[in-house]
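Visitor:
Residue numbers (this note's numbering), protein chains in the order written: chain F, 300 to 570; chain D, 520 to 1055; chain E, 6 to 328.
1) For residue 262(E), which option in 309(E), 108(E) and 317(E) has the closest C-alpha, if you only look at C-alpha atoms?
2) Any C-beta of chain F sitting closer than 7 Å to the C-beta of residue 166(E)?
3) Could you work out which residue in 252(E), 260(E), 153(E) and 276(E) is closest to residue 194(E) when comparing CA atoms only?
4) Identify, in the order they occur along the chain, each residue of the same chain with its Cβ nearer than 7 Å to the Cβ of residue 562(F), setting aside the five sequence neighbours on each side.
5) Buried or exposed, going by whether 16 or more other CB atoms sit within 10 Å of the CB of residue 271(E)?
6) Tell me which residues share the same chain as residue 502(D) and place their Cβ nearer than 6 Å to its Cβ, disregarding the 5 neighbours each side in the sequence.
7) For residue 270(E), return the contacting residues in chain F, with the cut-off set at a CB-CB distance below 9 Å.
8) For residue 636(D) and residue 684(D), what's the separation of their Cα atoms in angstroms?
9) Whole-angstrom Cβ separation of residue 568(D) and residue 580(D), contact assumed at under 8 Å?
10) Would residue 1057(D) count as contacting chain F if we go by Cβ distances under 7 Å?
11) Just to confirm my understanding: we take residue 304(F), look at its own chain, exclude 5 residues before and 5 after, and list those with CB closer than 8 Å. What are they?
12) Measure from the C-beta of residue 839(D) to each C-beta in chain F and report whether the shortest distance is under 7 Å.
13) Tell me which same chain residues have a C-beta within less than 8 Å of the C-beta of residue 97(E), skipping the five on either side of it?
14) Can you have a look at residue 630(D) and say buried or exposed, based on whether 16 or more other CB atoms are within 10 angstroms of its CB?
15) Quick one: measure Cβ to Cβ for residue 742(D) and residue 587(D), integer angstroms, because I've assumed they're closer than 8 Å.
16) Nearest chain F C-beta to residue 533(D) closer than 7 Å, yes or no?
17) Closer than 6 Å by C-beta to residue 308(F): which residues in its own chain qualify, once you throw out the five before and the five after it? Chain order, please.
18) State the CB to CB distance for the pair residue 607(D) and residue 616(D), rounded to an integer number of angstroms; the pair is presumed to be in contact (CB under 8 Å).
19) Between 388(F), 359(F), 311(F) and 535(F), which lies nearest to residue 456(F) when the distance is taken from Cα to Cα?
20) Quick check: is the beta carbon of residue 924(D) nearer than 7 Å to any beta carbon in chain F?
21) For residue 532(F), go through chain D and note every residue whose CB falls closer than 7 Å to its CB, in chain order.
22) Which residues of chain D have a Cβ atom closer than 9 Å to the Cβ of residue 172(E), listed in chain order?
23) Does the distance from the C-beta atom of residue 830(D) to that of residue 798(D) stay below 7 Å?
24) Please confirm if the stretch 714-729 of chain D is in contact with the stretch 753-764 of chain D, defined as three or more CB-CB distances below 8 Å between the two stretches.
25) Quick check: is the beta carbon of residue 317(F) nearer than 7 Å to any beta carbon in chain E?
26) Going by the beta-carbon positions, is the gap between residue 854(D) and residue 889(D) smaller than 7 Å?
27) Mark residue 929(D) as exposed unless 16 or more other C-beta atoms lie within 10 angstroms of its C-beta, in which case mark it buried.
28) Please confirm if residue 420(F) has its CB atom under 7 Å from at least one CB of chain E.
29) Among the residues of its own chain, which have a CB less than 6 Å from the CB of residue 869(D), if the five just before and after it don't count?
30) Give me, in chain order, the residues of the same chain whose beta-carbon lies closer than 6 Å to that of residue 136(E); leave out the 5 immediate sequence neighbours on both sides.
31) Whose Cβ in chain F lies nearer than 7 Å to the Cβ of residue 123(E)?
32) Does the distance from the C-beta atom of residue 566(D) to that of residue 582(D) stay below 7 Å?
33) 7 Å is my cut-off, CB to CB: does residue 278(E) come that close to chain D?
34) Taking 8 Å as the cut-off, does the stretch 802-820 of chain D touch the stretch 1003-1021 of chain D (at least 3 CB pairs, one atom from each stretch)?
35) Below 7 Å CB to CB, which residues in the same chain sit around residue 952(D) once its five sequence neighbours on both sides are set aside?
36) Whole-angstrom Cβ separation of residue 737(D) and residue 104(E), contact assumed at under 8 Å?
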């Protein structure tokens, strides 16, 4: 089972990376410029493997290019969240005191305001667009990595290797990031992997209510939002991006599960 | 007499208004059967804004108002003009500035009290009250002395005079057609003593065919037949329920499941209903009084050059956009005034699709190298969808469309501040053609409606001349010329006139197309056949 | 993804937990009020621009008067101070659009939201907990694998996509259930939105249940209990059940607490007249007092449920206080 999770996850993620990297070679048409209204809403088959959308664009090509947006959003957002969360969590746990209180308060704030509400506010504030999207999602979902890294520091702080490093005279930064971080990296990798999946889902949700990547840039969530009205006329518009999204998120989650069994057998990162 | 002739002549242009589909025909075939519950839809929003008709801006609320409230006039959906409703008769003075109305003598509010001239005068005064900020204020503004009330300089409108309990007169500053002003739901006649109660906002009382019974916020609003309604035998149904929703796909699904008796349709649902042998029988097509266009900031170079604006109009194959993207749920625009406007010119030709001509015009204007057109749109088919669809056409002639997606409020803000270069919009262009064309009057500020900053004294003069015309035929003629002039000057990209689609179940009778807003049904005329689910 | 069950095993007493919680909650509330007020006040476009929508034109005079009436032309800090002083007296202000007190509107909508949230969490618990137990009991078999596969799929499927597919299958094709809306409060309208909203919590609860049961089964004292007499075994078994229960309860509580916020998309999809749908409408209309009210309610709900979970946690497992 564990092996299956890991392998399936790795396969999906590798496929995603491959598709995103070689999109121009894999996609039969341009995802944006190839738009001819005469071809609008054609069912799958013939020259269009997954059919066309209302603007007469090739859905297959748009899904391939959409992988780039999903991967970019997922990875960048999760990197931002991990960076913010880990930095705050490690320092809070290490230094304690008022800084710890402050970080914990901030964490509670982030937990209390649901990500979607926070992102809704930020996206309305910043206006739609990729950069706004990255900020809105990348600065709002770090509470979990923060808590984990803080808890890990608390338990590692008194351990021998940390004490030893301190005694030798290494600076705080060195102790935190060179000594402690590698020892708590296992659970964090698991959390981050699953976080990529949720970031991709969050992007799709925001695009679904019209606050995502600016069209005509292809994004799976955006494609789904437009397909909603057309589910009866042209169901293929909704089915394929939905499937792509589902399989991708599933892949990241299963990879996370597999990694946890591998790196974190005690289940510290259990969700 | 003259008025009658022009209405007749304009009827030719209205051929499309209500297509003689089975729904309309069936309605005439049988005698109305009273009873049952109507299941209707209040579309366009997730919640009603207000149940007080003087306090709302939304079409959604108007749909519901039709059941509970009445005004002096009503929109006649077969004749496409306002007709007397609460008023039994009206007499106009020779200068068409003073009108004397007499109310029916059997109108009652839902609380049992009779409706009198005092109620009309009180209601119109309330709309002008600056403290209320009523959106209906533009409908009472033309009455003499209304401006003073709006400015807080007077308590009551001097142009409103009570003659006796059922008779009153209204005096305007200029010759006016009161029907165009007083048919709107925002000029409903309300009972003062009920409005004064704090619960009025959640428990409205009017003199309409149904008395309010229940409202579950964001879910539904319902009413029961009002037994003392002033029209004998009406309404036919015993109860009415409006489902409140903003989701077209949900309305489509609910209609197919038989949960609602009638609904408006989106482009995509329209395609399917048209092709379905059963569903297609219940479609009513309505040429609404709205003009969809791409608004252009006429002050912003290079759009200040008429040739550039004309080039945009030549560059786009609208037939293709309308057929493929809008699924023929639109009528190609040939000017600003829509097909059901009384001043619509059926003989005028639209801008043809002619990219070569567009390129030539751009070259003449010194824009042979092309330019970037920044456009702000909302995330909808009529906004983002159309912008995406015209991008390749504009690109062919060298214009790069740069799209920004924003909320309606953001687009409106940029449009009125003059910071937006272009935008997509559906503008209300009826029922009064003079009002519709004033949007290009150079004396109007952006906030007052001339968001295009189109400035042309020649056009202003044409419009003034039309407004002051002594008889209707002459006025219509002048308005047609003014509209043709606007078409030529191309302050906007003329896209289409909206075609509203009403889907009606086989068991619902008496539904007609309302060109002022398709979703607004004349609830009192609707009735259910024997096998309707609403009788179960 | 939802936050994890917090298993803080620090020595704390009930009163100090409550005190700390309340203080934290108050600070959280204040900061979020400030944040939301600021963000929605400086965004481009105001209520006066948003009214009327695409179809009905609103005269410039009405708009101008509205700006004055709603104090939209006053400086931002002044408006915020007004808002705060009203708030401290329990006054959430009046909705710009509906012209009624925000509190009244919220209370009307809360009924619908709570029905949906309770139904969704009920569905998640009733299906999720037995699924987790089943998987744990059959650990390593195909049953376990299938349950875990379903659970991880439930976590990965986009809610709105699931809802759309369910709507078309159950409402349109099979015609078992109504499609959208609240109906007249009948249960049939509740089924699809509750399922859609409950699918992710269900998956999470199933996973947590399985993990909790396995963890408890693996602990030493259980093995000890097995080797001892029947009466003592019962004591330990009860303890084990309690332990697993705490973990599951925490997950359920946290899921329930974030449900109001999580319902934004589901409520929009199903035209459900709750707080989530109200929030998006208020945002689009720039109805700032109403946006504030919705966000406040969502946060307060989360904080209240979390505090309750903390308290229940201590009540069930007294060890936490002195371990």
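Just so you know, even glycine gets a beta-carbon here, dropped at the ideal spot from N, CA and C.
Guide: Looking at the atomic coordinates:
1) The sequence position of residue 262(E) within the third chain is 257, counting from 1. Cα-wise, what sits closest to residue 262(E) is 309(E).
2) Here the question's residue 166(E) lines up with position 161 in the third chain. It does: the Cβ of residue 166(E) has a partner Cβ on chain F nearer than 7 Å.
3) Locating residue 194(E) in the third chain gives position 189, counting from the first residue. Out of 252(E), 260(E), 153(E) and 276(E), the CA that lies nearest to the CA of residue 194(E) is found in 276(E).
4) Taking the first residue of the first chain as 1, we reach residue 562(F) at position 263. Contacts found: 485, 488 and 489.
5) Position 266 of the third chain, counted from the start, is the residue given in the question as residue 271(E). Looking at its Cβ environment, which holds 16 or more other Cβ atoms inside 10 Å, residue 271(E) is buried.
6) Lying outside 520 to 1055, the shown extent of chain D, residue 502(D) is not represented and no answer is given.
7) Residue mapping note: residue 270(E) aligns to position 265 of the third chain, counting from 1. Near residue 270(E) (Cβ distances below 9 Å), the residues of chain F are 415, 504, 507 and 508.
8) Here residue 636(D) refers to the residue found at position 117 of the second chain. Here residue 684(D) refers to the residue found at position 165 of the second chain. Between the C-alpha atoms of residue 636(D) and residue 684(D) there is a straight-line separation of about 5 Å.
9) Translated into the one-based positions of the second chain, residue 568(D) becomes position 49. Translated into the one-based positions of the second chain, residue 580(D) becomes position 61. At roughly 5 Å, the Cβ-Cβ gap stays under 8 Å, so residue 568(D) and residue 580(D) are in contact.
10) Lying outside 520 to 1055, the shown extent of chain D, residue 1057(D) is not represented and no answer is given.
11) Here residue 304(F) refers to the residue found at position 5 of the first chain. These residues qualify, in order along the chain: 553, 554, 556, 557 and 560.
12) As a first step, residue 839(D) must be located in the second chain, where it is residue number 320. Interface annotation, residue 839(D): in contact with chain F, CB-CB separation under 7 Å.
13) Position 92 of the third chain, counting from 1, holds the residue named residue 97(E). Same-chain partners within the cutoff: 91, 106, 107, 108, 111, 294, 297, 298 and 301.
14) By 1-based counting over the second chain, the position of residue 630(D) is 111. Answer is exposed; the Cβ neighbour count stays below 16.
15) Counting from 1 along the second chain, the entry for residue 742(D) is found at position 223. Counting from 1 along the second chain, the entry for residue 587(D) is found at position 68. Confirmed, Cβ separation roughly 6 Å.
16) As a first step, residue 533(D) is located in the second chain; it is residue number 14 there, counting from the start. Model confidence at residue 533(D) stands at a pLDDT of 36, short of 50, so the residue's coordinates are unreliable; what they give is reported in the following sentence. So, not an interface residue.
17) Counting from one through the first chain, the residue named residue 308(F) turns up at place 9. Closer than 6 Å at Cβ, skipping near neighbours: 550, 553, 554 and 557.
18) To locate residue 607(D), count along the second chain from 1; it is residue 88. To locate residue 616(D), count along the second chain from 1; it is residue 97. In fact, because the Cβ distance is near 21 Å, the residues do not count as touching under 8 Å.
19) As a position in the first chain, residue 456(F) is number 157, starting the count at 1. Residue 388(F) is the option with its Cα nearest to residue 456(F).
20) Position 405 of the second chain, counting from 1, holds the residue named residue 924(D). Yes, because at least one Cβ of chain F sits closer than 7 Å to the Cβ of residue 924(D).
21) The sequence position of residue 532(F) within the first chain is 233, counting from 1. Listed by position along chain D, the residues whose Cβ is nearer than 7 Å to that of residue 532(F) are 787, 790 and 791.
22) Here residue 172(E) is taken as the residue at index 167 of the third chain, counted from 1. For residue 172(E), the chain D residues whose C-beta falls within less than 9 Å of its own C-beta are 768, 769 and 772, listed in chain order.
23) On the second chain, residue 830(D) is found 311 positions in, with the first residue counted as 1. On the second chain, residue 798(D) is found 279 positions in, with the first residue counted as 1. Cβ atoms of residue 830(D) and residue 798(D): not closer than 7 Å.
24) yes
25) Locating residue 317(F) in the first chain gives position 18, counting from the first residue. Taking Cβ atoms only, chain E never reaches closer than 7 Å to residue 317(F), which makes this a no.
26) Working through the second chain from its first residue, we reach residue 854(D) at position 335. Working through the second chain from its first residue, we reach residue 889(D) at position 370. Cβ atoms of residue 854(D) and residue 889(D): not closer than 7 Å.
27) To locate residue 929(D), count along the second chain from 1; it is residue 410. Residue 929(D) should be labelled buried.
28) Residue mapping note: residue 420(F) aligns to position 121 of the first chain, counting from 1. It does; some Cβ of chain E falls within 7 Å.
29) As a first step, residue 869(D) is located in the second chain; it is residue number 350 there, counting from the start. Answer for residue 869(D): 851 and 853, listed in chain order.
30) The count along the third chain starts at 1 and reaches residue 136(E) at position 131. Here the set comprises 152 and 211.
31) Here the question's residue 123(E) lines up with position 118 in the third chain. Those within 7 Å of residue 123(E) in chain F number zero; the least Cβ separation is about 18 Å.
32) Here the question's residue 566(D) lines up with position 47 in the second chain. Here the question's residue 582(D) lines up with position 63 in the second chain. The answer is no: Cβ separation not under 7 Å.
33) Reading the third chain from its first residue, position 273 is the one you call residue 278(E). By this cut-off, residue 278(E) is an interface position.
34) yes
35) Working through the second chain from its first residue, we reach residue 952(D) at position 433. These residues qualify, in order along the chain: 856, 860, 861, 862 and 998.
36) Within the second chain, the letter at position 218 stands for residue 737(D). Within the third chain, the letter at position 99 stands for residue 104(E). Not confirmed; about 16 Å, so no contact.
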